[in-house]
Amino acid sequence: MLSKLTPLKEDLTRILESSRVVSDLVELITYECDGLTMSKSLPDLVVYPTSTEEVVGIVKACANRGVPFLARGAGTGLSGGAVATHGGVIIQMSLMNRILRIDLEDEIAVVQPGTVNLHLSDETLSAGYHFAPDPSSQKACTIGGNVAENAGGPHTLKYGVTTNHILGMKVVLPSGELLELGGPFGEATGYDLTGLFVGSEGTFGVITEITVRLIRNPESHRTFLATFDSIEQACNAVSGIISSSIIPAALELMDNLVIRAIESHLKAGFPTEAEAILLIEIDGIETVLEEEEKEIERICRAERAVKVQLTGLEEERQRLWRGRKEAIGALGKITPAFYTNDGVVPRSKLPRILRSDVEIGEKYGLRVAHVCHAGDGNIHPIILYNPDHPKEVEAALRISEEILKECVDLGGALTGEHGIGAEKKEYFHLMFSEDDQSQMMRLWDLFNPESLLNPEKIFPNGSRCGEVGFSRNLSGSGWL
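Per our numbering, the very first residue in the sequence shown carries number 108; after that it's consecutive.
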């Protein structure tokens with residue numbers, strides 16, 4: 108049977124310059140995984156469009172040849188969602204990275220999906236505005252990827268996750284049809300189709316343009332570093348702050364393993380003797396902040412905080428936030444490899460899940476570190492292991508599975524911002540019944556009937572009735 112790869116490559120080079128159609132094995136290896144290094148699979152081709160029209164042509168070419176495809180941003184995702192599980196074509200969006208329009212009067216911006224998250228705020232900050240969703244990878248991650256995964260970040264406790272800031276988008280369906288959803292003022296009437304696409308993990312369409320909401324910079328802010336002798340005390344302080352009716356802009360927890368990793372690398376100013384720290388930020392009107400400042404310090408002291416430090420200079424504040432946002436990467440200083448996920452539990456269950464995570468790790472002989480969006484119960488357990496030891500690799504996967512099951516048992520969820528992707532799809536049934544999944548699959552079939560767009564993501568293998576089966580030739584050289 109003739110391979111589909113050669114004729115498809117010819118189709119694509121008629122749409123793009125040949126330099127933007129990549130098939131060299133060495134170059135393809137760059138795309139075999141995302142931030143989740145356990146899930147690896149090579150694409151057959153990687154293409155670099157620069158316009159919506161080129162994306163339409165690419166999608167139609169793949170659909171006509173029956174070859175699977177998916178869109179990819181910066182590859183910073185952590186659920187395997189941007190991995191070509193069945194090979195095929197990766198539509199790499201990095202050249203579609205322009206900020207098309209900034210309209211401060213209407214407080215919106217229009218961007219291409221490859222726009223780096225932080226670059227948008229860099230363009231608007233001096234004018235008094237910013238884009239609120241701030242994933243820890245915001246220096247690298249793209250807004251298209253944020254939309255696909257409905258990304259969060261430290262400051263989304265107060266301001267909401269990505270979906271709360273997306274007003275409209277242009278989307279190319281798997282058939283090649285172009286849709287325009289929402290607009291400068293969102294979905295004025297009818298069904299919220301924009302909201303439907305946000306968080307669909309790249310399985311409904313390829314996004315080529317996004318209209319986002321900009322928000323005003325706060326008048327003022329306060330940033331606290333609270334130090335505790337136990338994780339339980341820090342968690343209790345989190346609950347106390349939220350129950351006091353204060354909604355911080357950010358409320359982050361880090362444990363001792365993470366603290367020591369950060370300080371060995373960045374020297375952010377975190378106390379290495381602390382069992383846990385809270386990084387707390389409030390913002391708003393100055394007179395209100397004065398009262399909230401006193402209340403936060405009172406609550407932390409009541410929960411036996413060793414120290415509650417209010418940052419002074421902006422330089423100090425930025426150093427602390429750099430430490431938090433580069434925390435996971437800093438763990439590379441103390442372990443050959445690590446594996447992370449992002450379960451969610453009710454805030455009241457934070458002490459239990461963090462204690463349980465460590466116990467599960469000890470059972471398998473591995474350490475588990477934590478950084479958490481503690482204010483909304485979103486945990487990031489980080490499992491430290493050696494990839495050269497197969498038993499440790501297997502143990503890391505078992506630990507991750509047990510932690511996620513425990514999150515669901517405690518009334519939480521499998522993910523808060525990373526998505527289900529390829530990593531968690533076999534646990535999907537823990538949260539959703541067969542009937543729930545069936546209703547979701549009806550939506551999948553409506554937008555992606557041939558399952559060519561980002562196949563085998565979100566739903567367990569074999570769960571879809573009539574699921575398309577793909578077969579690769581033994582040499583791995585292309586599609587049959």
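Even for Gly, the Cβ is constructed at its ideal location relative to N, Cα and C.
Using 8 Å for Cβ pairs, my map puts residue i next to residue j. What's the rounded Cβ distance?
i      : j      : result
Gly195 : Pro175 : 4 Å
Ala476 : Asp362 : 6 Å
Leu227 : Ile250 : 7 Å
Val217 : Leu207 : 4 Å
Leu177 : Gly309 : 6 Å
Gly526 : Asn485 : Between Asn485 and Gly526 the Cβ distance is about 13 Å, and since that is not below 8 Å, they are no contact.
Met200 : Gly182 : At roughly 11 Å, the Cβ-Cβ gap does not stay under 8 Å, so Met200 and Gly182 are not in contact.
Ala437 : Ala503 : The pair is not a contact, with the Cβ atoms about 19 Å apart (cut-off 8 Å).
Val465 : Gly519 : Their Cβ separation, rounded to whole angstroms, is 17 Å, which puts Val465 and Gly519 out of contact at 8 Å.
So what does residue i bridge to, in DSSP terms?
i      : result
Gly391 : Ser327
Val217 : Arg208, Thr318
Ile197 : Val153, Leu177
Leu560 : Phe176
His237 : Ile322
Ala520 : Val451
Val190 : In the DSSP output, where bridge partners are listed per residue, Val190 has none listed.
Val313 : Val279
Val223 : Thr249
Please report the straight-line C-alpha distance between residue i and residue j, rounded to a whole angstrom.
i      : j      : result
Glu429 : Val254 : What sits at residue 429 in the sequence shown is Arg, not Glu. So the alpha carbons of these two residues sit roughly 24 Å apart.
Arg121 : Gly164 : 10 Å
Leu115 : Arg172 : 7 Å
Phe292 : Leu274 : 6 Å
Thr263 : Asp483 : 9 Å
His489 : Val478 : A small fix is needed here, since residue 489 is Ile in this sequence, not His. Looking at the two C-alpha atoms, the distance is approximately 8 Å.
His193 : Ser148 : 7 Å
Phe143 : Gly306 : At residue 143 the sequence reads Leu, which differs from the Phe that was named. So the two alpha carbons sit approximately 18 Å from each other.
Thr296 : Gly290 : 11 Å
Arg579 : Ile406 : Unreliable positioning characterises Arg579 in this predicted model, as indicated by a pLDDT of 37, which lies under 50. The coordinate reading is nonetheless provided below. About 59 Å.
Leu364 : Asp299 : 43 Å
Leu232 : Thr318 : 18 Å
Ser346 : Leu553 : 42 Å
Ile209 : Tyr534 : 41 Å
Val395 : Tyr236 : 21 Å
Lys246 : Leu211 : 23 Å
Gln340 : Thr269 : 31 Å
Trp590 : Ala191 : A query on residue 590 cannot be resolved here, the shown segment of the chain reaching from 108 to 587 and no further.
Glu230 : Thr315 : 20 Å
Lys399 : Val415 : Just to set this straight, residue 399 is Glu in the shown sequence, not Lys. Taking the straight line from one Cα to the other gives about 14 Å.
Val223 : Cys169 : 27 Å
Lys440 : His372 : 7 Å
Glu509 : Ile467 : 7 Å
Leu417 : Ile354 : 17 Å
Gly221 : Ser463 : 39 Å
Ser352 : Lys265 : 12 Å
Pro150 : Leu491 : 28 Å
Trp276 : Leu152 : First, the amino acid is wrong: residue 276 is Met here, not Trp. So the two alpha carbons sit approximately 26 Å from each other.
Leu427 : Phe377 : 8 Å
Asp543 : Pro453 : 22 Å
Leu537 : Lys512 : 7 Å
Thr592 : Ile366 : Any question about residue 592 goes unanswered here, given that the chain covers just 108 to 587.
Gly576 : Ala381 : Per-residue confidence for Gly576 stands at a pLDDT of 41, beneath the threshold of 50, marking its modelled position as unreliable; no derived number is given.
Asp589 : Leu185 : Outside the displayed span of the chain (108 to 587) sits residue 589, for which this structure offers no information.
Cys572 : Ile215 : Confidence at Cys572 is low in this model, with a pLDDT of 46, below 50, so its placement is unreliable and no value can be given for it.
Val162 : Lys374 : 44 Å
Glu117 : Ile197 : 16 Å
Arg138 : Asp131 : Looking at the sequence provided, one finds Tyr at residue 138 rather than Arg. Each residue's alpha carbon lies about 12 Å from the other.
Would a check of beta-carbon distances place residue i closer than 8 Å to chain C?
i      : result
Ala178 : Absence of chain C from the displayed structure is noted, only one protein chain being present.
Legend entry - Completely contained alpha helix (DSSP H) runs for the stretch 243-291, where each covers 4 or more residues: For the stretch 243-291, whole alpha helix (DSSP H) runs of length 4 or above, ordered along the chain, are 250-256, 263-266.
Legend entry - Segment contact, 8 Å Cβ cut-off, at least three pairs: the stretch 323-330 with the stretch 387-395: Yes, the stretch 323-330 is in contact with the stretch 387-395.
Inset, instruction - Would you be able to state if there are at least three C-beta pairs under 8 Å between the stretch 280-288 and the stretch 254-267? - result: Flag = no, the stretch 254-267 and the stretch 280-288 do not touch.
Legend entry - Given 8 Å, three or more beta-carbon pairs between the stretch 330-350 and the stretch 440-448: Because the criterion of three Cβ pairs below 8 Å is not met, the stretch 330-350 and the stretch 440-448 do not touch.
Legend entry - Segments assigned beta strand (DSSP E), at least 3 residues, entirely inside the stretch 455-509: Fully contained in the stretch 455-509 are the following beta strand (DSSP E) runs of length 3 or more, in chain order: 474-480, 485-492.
Inset, instruction - Output the residue ranges of the alpha helix (DSSP H) runs that lie fully inside the stretch 108-136 and measure 4 residues or longer, sorted by chain position. - result: Uninterrupted alpha helix (DSSP H) stretches at least 4 residues long and entirely within the stretch 108-136 occur at 112-122, 132-135, given in chain order.
Inset, instruction - Kindly confirm or deny that the stretch 309-324 and the stretch 409-420 touch, where touching means at least three C-beta pairs closer than 8 Å. - result: Counting Cβ pairs under 8 Å, fewer than three are found: no touch.
Legend entry - Ordered list of alpha helix (DSSP H) runs contained in the stretch 398-466, each at least 4 residues: Entirely contained in the stretch 398-466, the alpha helix (DSSP H) runs reaching 4 residues are, in chain order, 421-432, 434-437.
Inset, instruction - Report yes or no: do three or more beta-carbon pairs, one from the stretch 126-143 and one from the stretch 151-163, lie closer than 8 Å? - result: Yes: the two stretches touch, three or more of their Cβ pairs being nearer than 8 Å.
Legend entry - Contact between the stretch 460-471 and the stretch 493-511 (3+ Cβ pairs under 8 Å): Yes: the two stretches touch, three or more of their Cβ pairs being nearer than 8 Å.
Inset, instruction - Quick one: which unbroken beta strand (DSSP E) runs of 3-plus residues sit fully inside the stretch 331-388? Chain order, please. - result: The stretch 331-388 contains these whole beta strand (DSSP E) runs: 357-362.
Inset, instruction - Could you tell me whether the stretch 239-246 touches the stretch 431-439, using the rule of 3 or more Cβ pairs below 8 Å? - result: Taking 8 Å as the limit for Cβ pairs, the verdict is that the stretch 431-439 does touch the stretch 239-246.
Inset, instruction - For the stretch 351-360 and the stretch 372-387, state whether three or more C-beta atom pairs, one from each stretch, are separated by less than 8 Å. - result: Yes, the stretch 351-360 touches the stretch 372-387.
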